[in-house]
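Trainee: One structure, pasted below without further comment.
Number of protein chains: 2
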Amino acid sequence: MTRLGKPMNLVANAKFERELGERLATSGFRFTSQRRHVYDVLLQKLDHPTADDVFMRAKRQMPEISHATVYNCLAALVQCGLVRQVQLQRGATRFCPNMEEHCHYYCDTCGAVFDVTMPAEAPAMASPKGFQVDHYDIAVHGVCASCAGKRKR
Amino acid sequence: MTRLGKPMNLVANAKFERELGERLATSGFRFTSQRRHVYDVLLQKLDHPTADDVFMRAKRQMPEISHATVYNCLAALVQCGLVRQVQLQRGATRFCPNMEEHCHYYCDTCGAVFDVTMPAEAPAMASPKGFQVDHYDIAVHGVCASCAGKRKR
DNA sequence: TCAATAATTGGAATTATTCTAAATAAGAAC
DNA sequence: GTTCTTATTTAGAATAATTCCAATTATTGA
C-alpha cells in the first residue's frame with residue numbers, strides 16, 4: 010500500500026536491535042532473522058496491524074516467511090515485553106510495539122486506533138481480594154473526527 | 010452443567026422482560042422467543058459466557074435454537090444497549106448483561122472474570138482532536154487469588 | 001386475516017489461529 | 001571451525017469463532 014522511501018531503513022536503529030537481542034535471550038528465545046524482521050515491521054508503521062497485516066508487510070522484504078512464523082515471532086515479542094497485544098473488537102488481534110503506558114482510542118466506524126499516553130495518576134481501584142494485577146488495558150470506543158465529519162453530511 | 014431448581018425461573022422478572030421488549034422495539038428489532046431466551050440465559054449466570062457458552066445453555070430449554078440465531082440475538086441485545094460485548098483475550102468474545110459502569114478483572118491463568126464497579130471519577134484524559142467518545146472498556150489483567158495460591162505450592 | 005418482511009434454521013463458507021512433521025538454523029560445547 | 005542439540009521455520013492441515021446463505025417460519029402492521 011504505502012510506498013516506502015528508496016533506501017529502506019531496516020531496523021530503525023541499533024538500539025532497538027540490541028534491545029531485541031537482549032530481551033529474546035533473557036526470555037530463553039533465540040535471535041532469528043525472522044524475529045528481527047517482524048519486530049522491524051512493527052516499528053516501521055505504528056498503526057496497530059493484525060497478525061495478517063504483519064505477515065503481508067513482512068513478506069515484502071522476506072518473501073519466504075510463513076504465516077506460522079509470524080505468529081510465533083509475535084508471540085515471542087509479546088512474551089519478551091517488547092510488544093503489546095491489543096484486543097479492540099471481535100476478530101483479529103492487533104499488535105503494538107509502543108510499551109509506554111497508554112490507552113487506545115478506537116474508532117468503531119473505520120477501525121483507526123490512536124494511542125494516548127495515560128495520565129500518571131495510578132488508577133485507584135479496589136481489586137478483588139487477592140488479585141495480582143499485571144497490567145491495564147484501556148480502550149476508548151467512539152467515532153474519530155474524520156468519520157464524525159462524514160456522518161453529518 | 011448446573012441443575013436448575015424445579016419450577017424454572019424463566020425471565021428473572023417482568024421488569025427485564027418489559028425492558029427487553031421496549032429496547033428491541035425502539036431499535037427496530039422484533040421481539041422473539043429466542044431473543045427473550047438468550048437474554049434470560051445471560052441474566053441467569055453472570056459469568057461472562059462466550060457465544061458458544063450461551064448457545065449450549067440456551068439449548069437446554071430450547072433445543073432447536075441454532076448457532077446463527079444465538080449470534081443474531083446477542084448482536085441485537087448489544088445494539089439495544091442491554092448487553093456489553095467484552096474482548097478480554099484472543100479468541101471468543103464474551104457477553105455481559107451488567108450495564109453499570111464497571112471494569113473487568115481478568116485472570117490470565119484460569120480465565121475468570123470479576124466485575125468491579127468503577128470509581129465515579131470521570132477518567133480525565135485528553136481525547137484525540139474531534140474524537141467522540143462512546144464508552145470505555147477497561148480490563149485489568151493479572152492472576153486471581155485462587156490461581157496465585159496454586160502457583161506458589 | 002393477510003401481506004410484507006424480519007428472524008430463524010442448518011449448513012456451508014470465511015476468518016483467525018494453532019498444530020504437525022520434516023527441514024533448517026542458532027548457539028553451546030568441543 | 002565443526003559438531004551436536006534443540007529451538008525455529010516452513011507449508012499445509014486442522015481447529016475455533018464467526019458470518020453468510022437460501023429456504024422456511026414468525027412477527028407486526030394494515
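Chains A and B, in that order, are what the protein sequence lines are.
Its first residue numbered 10, the first sequence is counted upward by one per residue in our numbering.
Its first residue numbered 10, the second sequence is counted upward by one per residue in our numbering.
Where is the CB? At the ideal position from N, CA and C, for every residue including glycine.
Source: prediction; values computed, not measured.
Could you compute how far the alpha carbon of ALA157 of chain B sits from the alpha carbon of PHE123 of chain B?
Mentor: For the purposes of this step, residue 157 of chain B is taken as the residue at position 148 of the second sequence. For the purposes of this step, residue 123 of chain B is taken as the residue at position 114 of the second sequence. Going from the Cα of ALA157 of chain B to the Cα of PHE123 of chain B covers about 15 Å.
Trainee: Anyone know if the C-beta pair for ALA135 of chain A and VAL125 of chain B falls short of 9 Å?
Mentor: Looking up residue 135 of chain A in the first sequence gives position 126. Looking up residue 125 of chain B in the second sequence gives position 116. Contact flag set, yes.
Trainee: Can you confirm whether LYS54 of chain A, when its beta carbon is compared against all beta carbons of chain B, has any partner nearer than 9 Å?
Mentor: Taking the first residue of the first sequence as 1, we reach residue 54 of chain A at position 45. No, no contact with chain B.
Trainee: Mind checking if GLY37 of chain A is an interface residue toward chain B, Cβ cutoff 9 Å exclusive?
Mentor: Position 28 of the first sequence holds residue 37 of chain A. Chain B contact via Cβ: absent.
Trainee: Three Cβ pairs or more, each shorter than 8 Å: is that satisfied between the stretch 105–115 of chain B and the stretch 82–91 of chain A?
Mentor: Contact between the stretch 105–115 of chain B and the stretch 82–91 of chain A is absent, because fewer than three Cβ pairs lie under 8 Å.
Trainee: Residues of the stretch 130–153 of chain A in Cβ contact with chain B at a cutoff of 7 Å, in chain order, please.
Mentor: Answer set for the stretch 130–153 of chain A: ALA133, MET134, ALA135, SER136, PRO137, LYS138, GLY139, PHE140, GLN141, VAL142, ASP143, HIS144, TYR145, ASP146, ILE147, ALA148, VAL149, HIS150, GLY151, VAL152 and CYS153.
Trainee: Rounded to the nearest angstrom, what separates GLN94 of chain A and VAL79 of chain B at their Cα positions?
Mentor: Position 85 of the first sequence, counted from the start, is the residue given in the question as residue 94 of chain A. Position 70 of the second sequence, counted from the start, is the residue given in the question as residue 79 of chain B. If you take the alpha carbons of GLN94 of chain A and VAL79 of chain B, they lie about 28 Å apart.
Trainee: Enumerate in chain order the residues of its own chain whose CB-to-CB distance from LEU13 of chain B is below 7 Å, with the five nearest sequence positions on each side excluded.
Mentor: Taking the first residue of the second sequence as 1, we reach residue 13 of chain B at position 4. A caution first: LEU13 of chain B carries a pLDDT of 32, below 50, which makes its placement in the model too unreliable to give a value.
Trainee: Determine the chain A residues that contact PHE25 of chain B at a beta-carbon separation under 8 Å, and present them in chain order.
Mentor: The residue labelled residue 25 of chain B in the question sits at position 16 within the second sequence. Simply none; closest approach about 25 Å.
Trainee: Assuming VAL50 of chain A and ALA67 of chain A make a contact with CB atoms under 8 Å, what is their CB distance in whole Å?
Mentor: Sequence index remark: in the first sequence, residue 50 of chain A carries index 41 (1-based). Sequence index remark: in the first sequence, residue 67 of chain A carries index 58 (1-based). Right, the Cβ-Cβ distance comes to about 5 Å (below 8 Å), so this counts as a contact.
Trainee: Could you tell me whether any Cβ in chain B is nearer than 9 Å to the Cβ of ALA157 of chain A?
Mentor: Taking the first sequence and counting its residues from 1, the one referred to as residue 157 of chain A is at position 148. Yes, ALA157 of chain A counts as interfacial toward chain B.
Trainee: Which term fits CYS112 of chain A, buried or exposed, when burial requires 16 or more other beta carbons within 10 angstroms of its beta carbon?
Mentor: Residue mapping note: residue 112 of chain A aligns to position 103 of the first sequence, counting from 1. Per the 10 Å Cβ criterion, buried.
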